[in-house]
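These notes concern the structure reproduced below.
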Amino acid sequence: MRTLFFMAALVVAIALPVTCLATMVDASLLPDGTYGVTVEKVIDSAHVTVGMVGGLEATLTAGPSVHFDHVKPADHIKVTVQKGKVLAFTQ
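Take 1317 as the starting number for the sequence shown in my numbering and just add one per residue.
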């Protein structure tokens, strides 16, 4: 019984960190549309790394009239993406 419990605990300890890793997605592969995201990292005024529903992560690039100067990590924003570029966002 102890061996079975130990083996189950070992499997959970190994599998849990692997399942918690986010999957990085290329922003150009996202279908055009509006997404609710959480900012994970602000790289510069034109690039942010965001977390999406389902554990996906993407580094988004600002379009010509957009900048991420006022965005901070942990902010929840809605972004409108077209052809991999953020055309608009709201906080």
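Where a beta carbon is used, it is the ideal one built from N, C-alpha and C, also for glycine.
Just so we're clear, the structure is a prediction, and the values are computed from it rather than from any experiment.
Item checked: Length of the line joining the Cα atoms of D1342 and H1386 -> C-alpha separation (whole angstroms): 24 Å.
Notebook entry, point to check: Can you name, in chain order, every residue of its own chain whose Cβ lies under 7 Å from the Cβ of Q1407, other than the five neighbours on each side?
Noted result: Excluding residues up to 5 positions away in sequence, D1391, I1393 lie with their Cβ nearer than 7 Å to the Cβ of Q1407 in the same chain.
Margin query: By the DSSP assignment, the beta strand (DSSP E) with L1403 in it spans what residues?
Written below: Looking at the DSSP string, the run of the beta strand (DSSP E) that includes L1403 is 1401-1406.
Next item on the list: Apply the 10 Å Cβ neighbour rule to L1345 and answer buried if 16 or more other Cβ atoms are within range, or exposed otherwise.
Entry: With fewer than 16 other Cβ atoms within 10 Å, it is exposed.
Next item on the list: Out of Y1351, F1405, T1365, state which residue places its alpha-carbon closest to the alpha-carbon of K1357.
Entry: Minimum Cα distance to K1357 is reached at T1365.
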